[in-house]
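To start, the structure itself, in structure tokens.
Residue numbers (my numbering): 6 to 207.
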């Protein structure tokens, strides 16, 4: 009987690890401005060590008049089944928007520690059950507010029509999410320089 060599054992662990962390859901979007593709958005959901991890990454580059504008952001949220445990978010822009670094950590039932750009706050009295990142995987039917890891606070959800919802953000830059058959198809954001639209890739 042949013994398993160390190299073969390492290879087995690598393959198992890759399979274990494969996304269970993924959504990709093209970001457009003035009818031109300026970037991408990618949302993934996967299981790791019994936890559910959702990740959202966006990267855009465009020109407004003679100015080049670059914006990148990432949001990461970790869940134990349906219970939100923690979230990390950052946004960097070379101009036109304030940089953001924020974290949220669950301390106990209906109690969270937040840190947004160095300012720490304790949120109490509400359970985080649905985050902005969840919009990419599930339609927010019947919800009036959801949690934003980027702004470290709850934001208002306004249903505009069946399958169409506006998220009202603290920075007054609101976003509209449109669904078809429960699947997110389009996001429209009214920025200071115009409307930016993200369309789901086929």
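Where is the CB? At the ideal position from N, CA and C, for every residue including glycine.
All values reported here derive from a predicted model rather than from experimental measurement.
A Cβ-Cβ contact shorter than 8 angstroms links residue 60 with residue 49. At the C-beta level, residue 106 and residue 77 stay beyond 8 angstroms of one another.
Under the three-state reduction of DSSP, residue 176 is assigned to coil, being neither helix nor strand. Cβ contact annotation for residue 149 (same chain, cutoff 8 angstroms, sequence separation greater than five): 161, 162, in chain order.
For residue 113, the enclosing beta strand (DSSP E) begins and ends at 105-113. Less than 8 angstroms separates the beta-carbon of residue 84 from that of residue 57. In the DSSP assignment, no residue is bridged to residue 122.
Close CB contacts of residue 110 within its chain, under the 7 angstroms cut and outside five residues either way in sequence, are with 91, 117, 118 (chain order).
About 14 angstroms separates the Cβ atoms of residue 183 and residue 37, ruling out a contact at the 8 angstroms cut-off.
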